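Before any comments, here is the structure.
Protein chains in written order, with this note's numbering: chain A, 6 to 283; chain B, 222 to 350.
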C-alpha cells in the first residue's frame, strides 16, 4: 500500500468511526486505536497519539454547540478539570513505562466496559434534595433548561466525583481516549447532576483532558503528521455529520450494533495483547 | 440580584467560549488539510512505515521546531502546526475562562482555572523524554 491509498482508506475508516460514534453517543475516539492497530497494523504508540488528537477535535467541535444551549455546568467542569488534567499527565507518564502489550490489554478491558454500559438504558435522574456543604461552598448548584423552563439542581458527592475524574484522566492519558463514559459516571452517579448536564459537561471537559496528555505525546514524538492528518479530518467530519443527524434518528438498533462491534474489538485487543501480537 | 447578574455573565462567557472553540477547530482543520494536500502531492507514492515505531524527528516534537518547519512550508511541518493549534484550542479556552472568572471577581475559580492552565502549559512545554 502506498501513502495515498493508506491515507484514503484511513480517512474513510475514521469518518465511519466519527459518524457512528456521534450518532450512537458512544464517541468515535474509542474505536480509533483498535482500528489503527488491528486493521492497519499501526504501532499502538502512533495510534494513541492520533486518537488523542481526534478526541480534542470532536470534543471541541461538539462542546461549541452544547455550551451555547446552557446545559453544561462550567464551574463543575472547571473544578473537575484539575482532577482530569492531573490524571491525564500521570497516565501519559505511566504509558511511557508500561510494555505496549499491557496497554493493549487494559485498552481491551476499557472497551469491553464501554460496550457493557451502552447496553444499559440511560439512568433515571436521582436528584439530590438537600444542598451539600462543600458543593455550596464551591458554588456548584445551578440551573438547566427543561421543557418546563429553567430547573434548579443541587450538586453533591464532590470528593467522590473528583476521585473518579482522576481515574478518567489516567485512562485518557494512558489510552488516548476521551473516557466520556467514566466522566458521566462521576457526575451522574457520584455527584447527582441531571443526565443531560453530565453528558454535556463531560464533553466540554474531554478536550482539556486530552490536551493535557497530547502535549506529552507530542514531545515524545508519538504524534505522526501523516497518520494523524487523515484520522483527525475523518473523525471530525464524520462526527459533525453524525451530530446533525442525531436530532432526527437516535436509533437503538444502531447503538446495539455499534456496541457489539466494540465488544468484538475488545476481545481482539485483549487476545492480541496477551499473545504479544500488539 | 447578584446571583442573576452572575448567571448573565456566565451566559455571555459561554457564548464566547462556543465561538472560540468553533474558530479554533475550523482554523486548525484547514491548516491540517492544507498540509495534507501538500504532503500527498509530495509523497503519495512512497510506502508507509507505521508498523514499527521510530518516533518523530526532534523538529516535529517541540513548539519552536514545529513553527519553524510549518512556516518553511514543509508539508509535515504544516500538518503538525495544525495539530498544535488544535491542542492549543482548549488551552486558550481555559485561559479565557480564567479571565471571565476574574471579571466576576470569583477568585476561587480563578485559582482553579490557573491550576488547570499551569498543568496544560507544563505538559505542552516539555521536554518529557
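For every residue, glycine included, the Cβ atom is placed at its ideal position computed from N, Cα and C. Please read these numbers as outputs of a predicted model, since none were measured by experiment.
- Query: Taking 8 Å as the CB-CB limit, is residue 192/A close to chain B?
  - Reply: Under the Cβ distance rule, residue 192/A does not count among the residues neighbouring chain B, no pair being separated by less than 8 Å.
- Message: With three or more C-beta pairs closer than 8 Å as the rule, is the stretch 221 to 235 of chain A touching the stretch 35 to 51 of chain A?
- Response: By the Cβ criterion, the stretch 35 to 51 of chain A is in contact with the stretch 221 to 235 of chain A, since at least three pairs of Cβ atoms, one from each stretch, lie closer than 8 Å.
- Query: Which residues in chain A sit within 8 Å of residue 337/B, going by Cβ to Cβ distance?
  - Reply: The CB of residue 337/B comes closer than 8 Å to the CB of 83, 86, 87, 90, 213 in chain A, given here in chain order.
- Query: Would a check of beta-carbon distances place residue 43/A closer than 8 Å to chain B?
  - Reply: No, residue 43/A does not count as interfacial toward chain B.
- Item | Contact residues within the stretch 226 to 246 of chain A, judged by C-beta distance below 9 Å to chain B | Result list: 226, 227, 228, 229, 230, 231, 232, 233, 234, 235, 237, 238, 241, 242.
- Query: Mind listing which residues of the stretch 44 to 58 of chain A have their C-beta closer than 8 Å to chain B's C-betas, in chain order?
  - Reply: Result list: 45, 46, 47, 48, 50, 51, 58.
- For residue 100/A, collect the residues of the same chain with a Cβ closer than 6 Å to its Cβ; drop the 5 residues on either side in sequence, then sort them by chain order. Only 179 meet the Cβ criterion.
- What number of angstroms, rounded off, separates the C-alpha of residue 323/B from the C-alpha of residue 340/B? Their backbone Cα atoms lie some 19 Å apart in a straight line.
- Task: Note down, in chain order, every chain A residue with its Cβ under 8 Å from the Cβ of residue 282/B.
- Result: Going along chain A in sequence order, the residues near residue 282/B (Cβ under 8 Å) are 223, 224, 225, 226.
- Considering only residues of the same chain and omitting the five flanking positions on each side of residue 22/A, which have a CB-CB separation below 7 Å? Result list for residue 22/A: 33, 36, 37, 40, 240, 243, in chain order.
- Quick one: Cα of residue 294/B to Cα of residue 256/B, how far? In a straight line, the C-alpha of residue 294/B is about 8 Å away from that of residue 256/B.
- Item | For residue 302/B and residue 296/B, the rounded distance between their alpha carbons | Distance from the CA of residue 296/B to the CA of residue 302/B, rounded to the nearest whole angstrom, comes to 10 Å.
- Along the chain, where does the alpha helix (DSSP H) that runs through residue 90/A open and close? Looking at the DSSP string, the run of the alpha helix (DSSP H) that includes residue 90/A is 79 to 102.
- residue 106/A lies in the alpha helix (DSSP H); which residues open and close that run? Residue 106/A -> alpha helix (DSSP H) spans 105 to 124.
- Taking Cβ positions only, does residue 320/B come closer than 8 Å to chain A? So no, residue 320/B is outside the interface.
- By DSSP, does residue 293/B sit in helix, in strand, or in coil? In the structure shown, residue 293/B sits in coil (DSSP, three-state: anything other than H, G, I, E or B).
- Query: Identify the residues that DSSP records as bridge partners of residue 3/A: which are they?
  - Reply: This structure cannot settle anything about residue 3/A, because the visible part of chain A is limited to 6 through 283.
- Task: Would you mind reading off the limits of the alpha helix (DSSP H) that contains residue 265/B?
- Result: Looking at the DSSP string, residue 265/B is not in any alpha helix (DSSP H), and its letter there is neither H nor E.
- Item | Nearest-angstrom Cα separation, counted from residue 26/A out to residue 67/A | Here the alpha carbons of residue 26/A and residue 67/A stand approximately 12 Å from one another.
- Does residue 100/A have its Cβ less than 8 Å from a Cβ in chain B? The Cβ of residue 100/A sits no closer than 8 Å to any Cβ of chain B.
- Measure the Cβ-Cβ separation of residue 104/A and residue 149/A and say whether it is below 8 Å. A distance of 8 Å or more separates the beta carbons of residue 104/A and residue 149/A.
- Query: Quick one: Cα of residue 28/A to Cα of residue 260/A, how far?
  - Reply: Rounded to the nearest angstrom, the two C-alpha atoms are 8 Å apart.
- For residue 222/B, which three-state DSSP category applies? Low confidence applies here, because residue 222/B scores a pLDDT of 39, under 50, leaving its location unreliable and the question unanswered by this model.
- Query: Can you pull the DSSP bridge partners for residue 7/A?
  - Reply: According to DSSP, which records beta bridges pairwise, residue 7/A is partnered with 268/B.
- Query: Taking the continuous alpha helix (DSSP H) assigned at residue 344/B, which residues delimit it?
  - Reply: 328 to 346 is the extent of the alpha helix (DSSP H) around residue 344/B.
- Distance, residue 209/A Cα to residue 82/A Cα: Taking the straight line joining both Cα atoms gives about 7 Å.
- Query: Would you call the CB atoms of residue 272/B and residue 113/A closer than 8 Å?
  - Reply: No; because the gap between Cβ atoms is not below 8 Å, this pair is not in contact.
- In terms of residues, what are the limits of the alpha helix (DSSP H) holding residue 274/A? Taken as a continuous stretch (DSSP letters only), the alpha helix (DSSP H) holding residue 274/A covers 257 to 279.
- Which same chain residues, not among the five before or five after residue 273/A, have their C-beta less than 8 Å away from its C-beta? Within its own chain, the residues whose Cβ lies closer than 8 Å to the Cβ of residue 273/A, once the five positions on either side in sequence are excluded, are 39, 43, 113, listed in chain order.
- Are the CB atoms of residue 56/A and residue 268/A nearer to each other than 8 Å? The Cβ atoms of residue 56/A and residue 268/A do not sit closer than 8 Å to each other.
- Message: For a contact defined as C-beta to C-beta under 7 Å, what are the partners of residue 216/A on chain B?
- Response: The answer, in chain order, is 308, 311, 312, 341.
- Query: In whole angstroms, what is the alpha-carbon distance linking residue 71/A and residue 289/B?
  - Reply: Between residue 71/A and residue 289/B, the C-alpha separation is close to 36 Å.
- When the cut-off is 8 Å and only beta carbons count, does residue 272/B lie next to chain A? Yes, its Cβ sits closer than 8 Å to a Cβ of chain A.
- Is the shortest distance between the beta-carbon of residue 109/A and the beta-carbons of chain B less than 8 Å? With 8 Å as the cut-off, residue 109/A does not count as an interface residue toward chain B.
- Query: Within the 8 Å Cβ cut-off, does residue 174/A reach chain B?
  - Reply: Using a Cβ-Cβ cut-off of 8 Å, residue 174/A does not count as an interface residue toward chain B, since no Cβ of chain B sits closer than that to its own.
- With residue 44/A as the anchor, note down where its alpha helix (DSSP H) starts and where it stops. Taken as a continuous stretch (DSSP letters only), residue 44/A belongs to no alpha helix (DSSP H), as it is neither H nor E.
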